[in-house]
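Student: Protein chains in written order, with this note's numbering: chain A, 1 to 266; chain B, 1001 to 1266. We treat Cβ as the ideally placed atom computed from N, Cα and C, and that holds for glycine. Okay, handing you the structure first.
Number of protein chains: 2
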Amino acid sequence: MNKFIQKFSNAVKNNKSYLCVGLDTDYNLIPFKTQNIYKSVLKFNRNIIDATKDLVCCYKINSAFYEAYGIDGIKALQKTVEIIKDVPVILDAKRSDIGNSAKFYAKFGFEIINADAMTVIPYMGIDTIDVFRNYKEKFVFIVAISSNPGAKDFQEFPSKKNPIYLKIMKKCKSTDKYKNTGYVVGATYPEKIRYLREKGFKETFLIPGIGAQKGDAEKSIKYAFMRKGTGIFNISRSIIYQADKKNYFESVRQKAKQYQMMLSVE
Amino acid sequence: MNKFIQKFSNAVKNNKSYLCVGLDTDYNLIPFKTQNIYKSVLKFNRNIIDATKDLVCCYKINSAFYEAYGIDGIKALQKTVEIIKDVPVILDAKRSDIGNSAKFYAKFGFEIINADAMTVIPYMGIDTIDVFRNYKEKFVFIVAISSNPGAKDFQEFPSKKNPIYLKIMKKCKSTDKYKNTGYVVGATYPEKIRYLREKGFKETFLIPGIGAQKGDAEKSIKYAFMRKGTGIFNISRSIIYQADKKNYFESVRQKAKQYQMMLSVE
């Protein structure tokens, strides 16, 4: 069995949760920091992980937040993945390139960072996606519908009835040799989650947007689990940043607990 | 005037060249290396730069090749950009994300690496692209038509007459507030370069594929410069990797010189 699926299934079973905490740690926004970026980010992440590890089905780490701090950031990213135990890690890197280059991005995510799954942008074609999917033990989430306001600019082209994201998903599904493909579908468009389940996509959806982006949580959860589908709900800012500086990580835990209960789907 | 355009125009004038050398340096493939990845990659790049800097209009550095070697790779990437003088650097990073995350990718490329231009994947929408374009002095190349075999899978959807890449280019053009947008158009599809020039796109095209990928150089060059258009032709593997180990960097220079003459457009 695929290692990501295995770790994920165990975490869901043990923690009764479809909550994914997004470790989108911005050095500028974290409390209790020193001048040492690497140490500050890592310590913050360690505390977040300690406060949430029995409440989540996985962690998602957005590579951008770490790259923006150069060497220190990348070191903190590597070390963060190292200290996460028993729970799978999705590297949200949204990479894409022609085959010869894509293999180096896959190496970065799956070998250097050692993530269990990666997000990939599909625009460049199936051959570019397969480079990532050829890591049979790893999992790949194809960005189908993103959660930003501009998502509709191109993803719904040429029409709502015949959008490119559907073409992409059909093609990715029919070429999913190792059954290690899921899709990113933003919670800011919950009706589309339903639409896709009704279209027969039973795959695992990685669903951002029910936190700071104010997607409709109730609908998204209901639709994601329709027809034996599975949803992984990522929340980052609304969990990892808290106003209560005195009991910061206790607040983080309480907030994560609220989401975990909401996402404790039978 | 945009700093990338300025540096680029100067380099074209001084070096009489539209050749871009791709520093896609793979530690595994380079000669004369030691166990020290950082030093080996940097030394190789320094030699390539010394051998070609008066023959090029810019350098393109594919981030993937450096990320795949972790901290050592990123350090070599930073330092390589630092040692390139008077010639602009395109960081081929093919990044994309929702606004809040994209700004960190822009910071990585434009501030940490200090590139003059970056490549961006458009699928997620104009708001995600604008985060990069808001660096007014920098330049952004939108991946419209890539050079890989699978490019047609989605880029030509829903039809050759009404492809999404055209929709993307039109929308990017009409929102190009700071006139700092160009497009990646693969030389493996030269007729499309002509088609786009005929459609009125006069912007600068970054054109990969006339080297190792065997795109049609003659046609691509002719079409790229049609109707006052400008083409930047990237060649990587066929220049930086040479069989002649004895006079390695002299061979690199000779090969680059051949391409520069081909790309010495009046």
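Taking the DSSP output, what are the residues bridged to R95/A?
Tutor: According to DSSP, R95/A bridges with V120/A.
Student: Taking 8 Å as the cut-off, decide whether the C-beta atoms of G186/A and G215/A are in contact.
Tutor: yes
Student: So the beta strand (DSSP E) N234/A belongs to, where does it begin and stop?
Tutor: T230 to I235
Student: Does K222/A come out as helix, strand or coil in the three-state DSSP assignment?
Tutor: helix
Student: Let me know if T25/A comes out buried or exposed under the rule of 16 or more other beta-carbons within 10 Å of its beta-carbon.
Tutor: buried
Student: With 9 Å as the limit, tell me which residues of the region 1127-1157 of chain B have their beta carbon closer than that to any beta carbon of chain A; keep them in chain order.
Tutor: D1127, T1128, I1129, D1130, V1143, S1146, S1147, N1148, P1149, G1150, A1151, K1152, D1153, F1154, Q1155 and F1157
Student: Closest by CA to K1152/B, which one among M1169/B, T1188/B, T1175/B and D1176/B?
Tutor: For the options M1169/B, T1188/B, T1175/B and D1176/B, the alpha carbon positioned closest to that of K1152/B is the one of T1188/B.
Student: Between which two residues does the beta strand (DSSP E) containing T1181/B stretch?
Tutor: Segment T1181 to V1185, the beta strand (DSSP E) holding T1181/B.
Student: If the cut-off is 7 Å on Cβ atoms, which residues from the region 1057-1072 of chain B count as contacting chain A, listed in chain order?
Tutor: N1062, A1064, F1065, E1067, A1068, G1070 and I1071
Student: For V81/A, which of helix, strand or coil comes out of DSSP?
Tutor: helix
Student: Does N1162/B get closer than 8 Å to chain A when you measure Cβ to Cβ?
Tutor: yes
Student: Contact check, F1233/B vs L1263/B under 8 Å by CB: the rounded distance?
Tutor: 5 Å between Cβ atoms; contact.
Student: Can you give the Cα-Cα distance for K219/A and S101/A, rounded to whole angstroms?
Tutor: 39 Å
Student: In the DSSP output, what is K1060/B paired with across the bridge?
Tutor: G1022/B and I1090/B
Student: What does M1118/B reach in chain A if we use C-beta pairs closer than 9 Å?
Tutor: In chain order: nothing, as chain A lies at least about 12 Å away.
Student: Classify T1204/B as helix, strand or coil using the three-state DSSP reduction.
Tutor: strand
Student: Taking only beta carbons into account, state which residues of the region 1094-1105 of chain B come closer than 9 Å to chain A, listed in chain order.
Tutor: K1094, R1095, S1096, D1097, I1098, G1099, N1100, S1101, A1102, K1103, F1104 and Y1105
Student: Which one or two residues does DSSP pair with F139/A in a beta bridge?
Tutor: Beta-bridge partners assigned by DSSP to F139/A: A117/A.
Student: Does any CB atom of chain B fall closer than 8 Å to the CB of Y189/A?
Tutor: no
Student: Measuring CB atoms only, is the region 1034-1042 of chain B touching the region 1002-1009 of chain B, in the sense that at least three cross pairs come out at less than 8 Å?
Tutor: The region 1034-1042 of chain B vs the region 1002-1009 of chain B: no contact.
Student: Quick one: which chain B residues come within Cβ less than 7 Å of Y38/A?
Tutor: Those within 7 Å of Y38/A in chain B number zero; the least Cβ separation is about 11 Å.
Student: Using only alpha-carbon positions, find the residue among Y105/A, M261/A, A256/A and Q260/A that is nearest to A51/A.
Tutor: A256/A
Student: On the CB-based measure, 16 or more other CB atoms within 10 Å of its CB, does M261/A come out buried or exposed?
Tutor: exposed
Student: Which first and last residues belong to the alpha helix (DSSP H) in which A11/A is found?
Tutor: Boundaries of the alpha helix (DSSP H) around A11/A: K3 to N15.
Student: Using a beta-carbon distance below 8 Å, is M1124/B in contact with chain A?
Tutor: yes
Student: In three-state terms, what does DSSP make of A1243/B?
Tutor: Coil.
Student: Measuring CB atoms only, is the region 1112-1126 of chain B touching the region 117-132 of chain A, in the sense that at least three cross pairs come out at less than 8 Å?
Tutor: yes
Student: At a Cβ threshold of 8 Å, is K1170/B touching chain A?
Tutor: no
Student: Just checking: is the beta-carbon of F108/A within a distance shorter than 8 Å of some beta-carbon in chain B?
Tutor: Chain B contact via Cβ: present.
Student: Considering only the alpha carbon of each residue, which of K192/A, E203/A and K177/A lies closest to Y183/A?
Tutor: E203/A
Student: Can you tell me where the alpha helix (DSSP H) holding Y165/A begins and where it ends?
Tutor: I164 to S174
Student: If you follow the alpha helix (DSSP H) that Q258/A is part of, which residue opens it and which one closes it?
Tutor: Y248 to M262
Student: On the three-state DSSP scale, how would you describe A68/A?
Tutor: When secondary structure is reduced to three states using DSSP, A68/A falls in the coil class, being assigned neither helix nor strand.
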